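Some notes on the structure that comes next.
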Amino acid sequence: MDLNYSVEEQAFRAEVQEFLAQKLPKEMSEAIRLGRELGKEGHEKWHAILNEQGWLAPNWPKEFGGCEWNAVQRHIFEEECCRAHAPRIVPFGLAMLAPVLQKFGSKAQQDHYLPRILSGEDWWCQGYSEPGAGSDLASLKTRAVRNGDHYVVNGQKTWTTLGQHANWIFCLVRTDPDAKQQSGISFLLIDMDTPGIEVRPIILLDGTHEVNEVWFTDVKVPVENLVGEENKGWTYAKYLLTHERTNIAGVGFSRAGLDAVKRMASTQMHRGKPLSENAHFAARVARAEIDLMAMSTTNLRIISRAASGQAPGVESSMLKVKGTEIRQEINDLARRAAGAYAMPFVSEALEGANEPDMGPEGSAAAAPQYFNNRKLSIFGGSNEVQKNIIAKVKLGGGA
Amino acid sequence: MNFDLTEERQMLQDSLRRFLRDNQDALRASTRLGNAENSKGFDANIWSKLAELGVIGALFSEEDGGFAGAGFDLTTVFEELGRAGAVEPLLDTAILGGGLIAALGNDTQKELVEQVIGGEVHLALAHGEPNSRYDLAQVETTAKVEGDDIILTGRKAVVINAEAADYLIVSARESGATGDEEGISLFLVPRDSAGLILRGYALLAGGRAAEVDLDGLRLSADARLGASGAAYAALKRASNRAEVALAAETLGAMEAATEMTREYLLTRQQFGRPIGSFQALQHRMATLLIELEQARSAVINAAGHLETSADEQALQISAARNLVGRAGRLVAEESIQLHGGIAMTEEYELAHIAKRIVMADHRFGDTDTQLERFIDQSAA
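Chains as they are written, first to last, in the numbering used here: chain X, 68 to 466; chain P, 347 to 726.
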């Protein structure tokens, strides 16, 4: 047992801190700190800054232009990025599609798509969920029928995050309707400019346009856009889900969120004292912090095992459940701290960093974020699905 | 013991429920986020019909020109508003605004109550301030007498219904220190007064509010409601009634949320069967139903004690709002979770209902503040 980072790891952390201090634009970190939207341009700008540094793809092997950092280094990098209020990296191309292409894609696909992900030329989105296939993803119905040198795709995807910015989508499609659910699915890469694709916005309960429906009507997709083998898509999708989940616990987000709560509470007077000194509020904050401290170590335990080459099992499900519960609790604390100023919905105050909050700093985004982050326990395999996985492994049988 | 509604209240509930159901589309249109065309924050047409139905009159006693006005009349009306997710400012115009004028006003001022009941006049209570949080006595805004005039200076925070209000009821301190119950006065201020500056905005859970700046606002002395510096008791009374109403509204919203969730569990298919057939979800639904009945009883307790001693009232109200706050959060969060992504979308009714439930906790004192009040009250 040694809870300390090695000398090399500490040096790496210092290097990351130095980079962030130099290269992370102030207006960007300020917007993130206040819980504001960044917009497409902001994301692209940060993407370019990281690419120039060569730190855009922490998880990629060096042969593809990645950092090939181990799990501990990636954790340090993510932790420092959160601490510095750096924007999150849009994960669909970099962290989700790329590992699949690197493992299962053809040489031609790797040569073509991977550099374009790094350069930012392509913005990828994910076509997994459908209106009838949520937790039960394998029941998906979007159909791809082989016709000579192309597939014809028909169906509908939903919850497509930032699909409005994307020019490519990777999709799970059904190629064999007669096979047992999981075995008739293929993994297709589709150019969003192809005729027959329509993107419709879904406005979320906090007023944001973050997700979309993507409709496919007789969309022609060249067969060379199939990844791996036909009807093996489920295997690739599972690979995608079990890898690149070091940040699933969201420890960095929780830390930053907890700091913001404490800051806001210290400025809010409650019964003649700062709210931060109020016993009930302080107890809530303390409970969240105690949970976070422990989970942070659970996270590191799993990460250091992953760094030595062991694939995570049910632990990533455990991290997802606990991590999202803690993040949601911190969001709840933030809205409480904001008091009456949690009520306003000032859309101008939710974008960029120019418009000040009506109430205390961070109050404008507090309630919208509380509601928006209810998604954390729903997406990426709902927390109920995660518990099923844990129960199935530990209890066996028909969970 | 009899927990049934009286015949009159049953009729009120039936007719209001029917009216709100029949006007669901118009109600929803005015509650959606970013509905910028709706400058009032609610549907004026629906407001007049509510007045015609006698819904506003039901919130006032006969003495004040209404025909009911007891605790259970308030809860009957507000439970229905909550079920429908209505954002119509009955709390602001009638319970708070109308209630304060009825309590403190002179005969001329009280004519406004009649107009409120008739649906012709809107009111807003400009009381909370950027530093007051949920403390009713924390008033920094000042009122200075200058000859026959009174000059108001200060800022009021998140004043709900301010832009639609014909008059704002503004609290200001004439004597004493910030935090003293003594020394607070209320003033009836026409919205178009010089020196009254509104910065309006939408609210996340529907409706509108404004930041109100009082920049040396000059009033004649007859704008004061009641005696100088003696408004606290009436403010406390009005906020007690508002808290009971708000708890009932939240209860109604919780009913709507649990009904929608139950329906969804029975119809949504995953893994080849309705998701309500999974025991893990059945137990969670059962928990919500248990908490819902707890909330109902807490609201009944509070409403039934609205005419008792001040101490007993305070105890029951803080108990109800603490319980409803806790149970409400659970119902809102679990209803969304049991639905999944669909309940995260603005156009799905549950999203709005969940926001009504959670954001109610930000008025007059949140769950923790109510707990503190309860502890203080129990110790007293």
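Beta carbons: idealized from backbone N, C-alpha and C, even for Gly. The model shown is predicted, which means the values in this text are computed figures rather than measured ones.
Check whether the stretch 547 to 567 of chain P touches the stretch 497 to 505 of chain P, taking contact to mean three or more Cβ pairs, one atom from each stretch, closer than 8 Å.
Yes, since at least three Cβ pairs between the stretch 547 to 567 of chain P and the stretch 497 to 505 of chain P fall closer than 8 Å, the two stretches touch.
Relative to the C-alpha of residue 487 of chain P, which residue among P:468, P:533, P:462 is closest?
On the second sequence, residue 487 of chain P is found 141 positions in, with the first residue counted as 1. The shortest Cα separation from residue 487 of chain P among P:468, P:533, P:462 belongs to P:533.
Starting from residue 453 of chain P and walking both ways along the alpha helix (DSSP H), at which residues does that stretch end?
Start at 1 with the first residue of the second sequence, and residue 453 of chain P comes out as number 107. It spans 453 to 463 - the alpha helix (DSSP H) in which residue 453 of chain P sits, taken as one unbroken run.
Check whether the Cβ of residue 584 of chain P lies closer than 8 Å to any Cβ atom in chain X.
Working through the second sequence from its first residue, we reach residue 584 of chain P at position 238. No, because no Cβ of chain X sits closer than 8 Å to the Cβ of residue 584 of chain P.
For residue 612 of chain P, is the classification buried or exposed, using 16 other Cβ atoms within 10 angstroms of its Cβ as the cut-off for buried?
Within the second sequence, numbered from 1, the residue matching residue 612 of chain P stands at position 266. The residue is exposed, with fewer than 16 neighbouring Cβ atoms inside 10 Å.
By how many angstroms is the C-alpha of residue 525 of chain P removed from the C-alpha of residue 539 of chain P?
The sequence position of residue 539 of chain P within the second sequence is 193, counting from 1. The sequence position of residue 525 of chain P within the second sequence is 179, counting from 1. When rounded, the distance between both Cα atoms is 27 Å.
Is the shortest distance between the beta-carbon of residue 408 of chain X and the beta-carbons of chain P less than 8 Å?
In the first sequence, residue 408 of chain X corresponds to position 341, counting from 1. So yes, residue 408 of chain X belongs to the interface.
When the cut-off is 8 Å and only beta carbons count, does residue 435 of chain P lie next to chain X?
Translated into positions along the second sequence, residue 435 of chain P becomes position 89. By this cut-off, residue 435 of chain P is not an interface position.
According to DSSP, residue 310 of chain P sits in a beta bridge with which residue or residues?
Because chain P in this structure spans residues 347 to 726, residue 310 of chain P falls outside the shown range and cannot be described.
In the DSSP assignment, what residue or residues form a beta bridge with residue 337 of chain X?
The sequence position of residue 337 of chain X within the first sequence is 270, counting from 1. Paired residue(s): X:340.
Taking Cβ positions only, does residue 610 of chain P come closer than 8 Å to chain X?
Here the question's residue 610 of chain P lines up with position 264 in the second sequence. It does not: the Cβ of residue 610 of chain P has no partner Cβ on chain X nearer than 8 Å.
Name, please, each residue of chain X whose Cβ falls closer than 7 Å to the Cβ of residue 460 of chain P.
Taking the second sequence and counting its residues from 1, one reaches residue 460 of chain P at position 114. Ordered by position in chain X, no residue passes the 7 Å Cβ test against residue 460 of chain P, which lies about 31 Å from the chain.
Nearest chain X C-beta to residue 616 of chain P closer than 8 Å, yes or no?
Sequence index remark: in the second sequence, residue 616 of chain P carries index 270 (1-based). So, interface residue.
What's the gap between the Cα of residue 140 of chain X and the Cα of residue 79 of chain X?
Within the first sequence, the letter at position 73 stands for residue 140 of chain X. Within the first sequence, the letter at position 12 stands for residue 79 of chain X. Computed Cα separation, rounded: 7 Å.
Output yes or no for whether 8 Å exceeds the beta carbon distance between residue 479 of chain P and residue 336 of chain X.
Residue mapping note: residue 479 of chain P aligns to position 133 of the second sequence, counting from 1. Residue mapping note: residue 336 of chain X aligns to position 269 of the first sequence, counting from 1. Yes, the Cβ-Cβ distance between residue 479 of chain P and residue 336 of chain X is below 8 Å.
I'd like to know whether the C-beta of residue 683 of chain P is nearer than 8 Å to at least one C-beta of chain X.
Looking up residue 683 of chain P in the second sequence gives position 337. So yes, residue 683 of chain P belongs to the interface.
Three or more beta-carbon pairs under 8 Å between the stretch 422 to 431 of chain P and the stretch 580 to 596 of chain P, yes or no?
The stretch 422 to 431 of chain P is in contact with the stretch 580 to 596 of chain P.
For residue 489 of chain P, write down the residues that DSSP places opposite it in a beta bridge.
Residue numbering aside, residue 489 of chain P sits at position 143 when the second sequence is read from its first letter. Looking at the DSSP assignment, residue 489 of chain P forms a beta bridge with P:498.
When you compare each of X:255, X:268, X:267 to residue 286 of chain X by their alpha carbons, which one comes out closest?
Counted from its first residue, the first sequence places residue 286 of chain X at position 219. It is X:255.
So that I know if they touch, is there some Cβ in chain P lying closer than 8 Å to that of residue 226 of chain X?
Taking the first sequence and counting its residues from 1, the one referred to as residue 226 of chain X is at position 159. Taking Cβ atoms only, chain P reaches closer than 8 Å to residue 226 of chain X, which makes this a yes.
Quick one: list the residues of chain P neighbouring residue 338 of chain X, beta-carbon separation under 7 Å, in chain order.
Mapped onto the first sequence, residue 338 of chain X falls at position 271. Neighbours of residue 338 of chain X on chain P, chain order: 481.
Helix or strand or just coil, what does DSSP make of residue 565 of chain P?
By 1-based counting over the second sequence, the position of residue 565 of chain P is 219. Residue 565 of chain P falls in the strand class under three-state DSSP.
Tell me whether residue 278 of chain X is buried or exposed, calling it buried when 16 or more other Cβ atoms sit within 10 Å of its Cβ.
Sequence index remark: in the first sequence, residue 278 of chain X carries index 211 (1-based). Result: buried.
What number of angstroms, rounded off, separates the C-alpha of residue 234 of chain X from the C-alpha of residue 504 of chain P?
The residue labelled residue 234 of chain X in the question sits at position 167 within the first sequence. The residue labelled residue 504 of chain P in the question sits at position 158 within the second sequence. Taking the straight line from one Cα to the other gives about 42 Å.
Residues of the stretch 426 to 453 of chain X in Cβ contact with chain P at a cutoff of 9 Å, in chain order, please.
Within the stretch 426 to 453 of chain X, the residues whose Cβ lies closer than 9 Å to some Cβ of chain P are 426, 427, 434, 435, 437, 438, 439, 441, 442, 444, 445, 446, 449, 450, 451, listed in chain order.
Contact criterion: CB-CB distance below 8 Å. Does residue 236 of chain X meet it with respect to chain P?
If you number the first sequence from 1, residue 236 of chain X lands on position 169. Not closer than 8 Å to any Cβ of chain P, the Cβ of residue 236 of chain X fails to qualify, so no.
Count Cβ pairs between the stretch 240 to 257 of chain X and the stretch 206 to 225 of chain X that sit closer than 8 Å; are there 3 or more?
Output reads yes: the stretch 206 to 225 of chain X touches the stretch 240 to 257 of chain X.
Does DSSP put residue 666 of chain P in a helix, a strand or coil?
Start at 1 with the first residue of the second sequence, and residue 666 of chain P comes out as number 320. Three-state result, residue 666 of chain P: helix.
Name the chain P residues that come within less than 7 Å of residue 201 of chain X, Cβ to Cβ?
Taking the first sequence and counting its residues from 1, the one referred to as residue 201 of chain X is at position 134. Within chain P, the residues near residue 201 of chain X are 616, 686, 687.
Per DSSP, residue 287 of chain X is paired with what?
Taking the first residue of the first sequence as 1, we reach residue 287 of chain X at position 220. Paired residues: X:219.
Residue 308 of chain X CB to nearest chain P CB: under 8 Å?
Taking the first sequence and counting its residues from 1, the one referred to as residue 308 of chain X is at position 241. So no, residue 308 of chain X is outside the interface.
Do we get a CB-CB distance below 8 Å when we pair residue 504 of chain P with the residues of chain X?
As a first step, residue 504 of chain P must be located in the second sequence, where it is residue number 158. Yes, because at least one Cβ of chain X sits closer than 8 Å to the Cβ of residue 504 of chain P.
If you draw a straight line from the alpha carbon of residue 225 of chain X to that of residue 301 of chain X, how long is it in whole angstroms?
Here the question's residue 225 of chain X lines up with position 158 in the first sequence. Here the question's residue 301 of chain X lines up with position 234 in the first sequence. So the two alpha carbons sit approximately 18 Å from each other.
Compare the C-beta of residue 476 of chain P against all C-beta atoms of chain X and say whether one is closer than 8 Å.
For the purposes of this step, residue 476 of chain P is identified with residue 130 of the second sequence, where counting begins at 1. Judged by the 8 Å Cβ criterion, residue 476 of chain P is in contact with chain X.
Leaving out the 5 sequence neighbours to the left and right, which residues in its chain are closer than 6 Å to residue 452 of chain X when beta-carbon positions are compared?
Stepping through the first sequence from its first residue, residue 452 of chain X is reached at position 385. Closer than 6 Å at Cβ, skipping near neighbours: 202.
Name, in chain order, the residues that DSSP records as bridge partners for residue 532 of chain P.
For the purposes of this step, residue 532 of chain P is taken as the residue at position 186 of the second sequence. Looking at the DSSP assignment, residue 532 of chain P forms a beta bridge with P:517, P:571.
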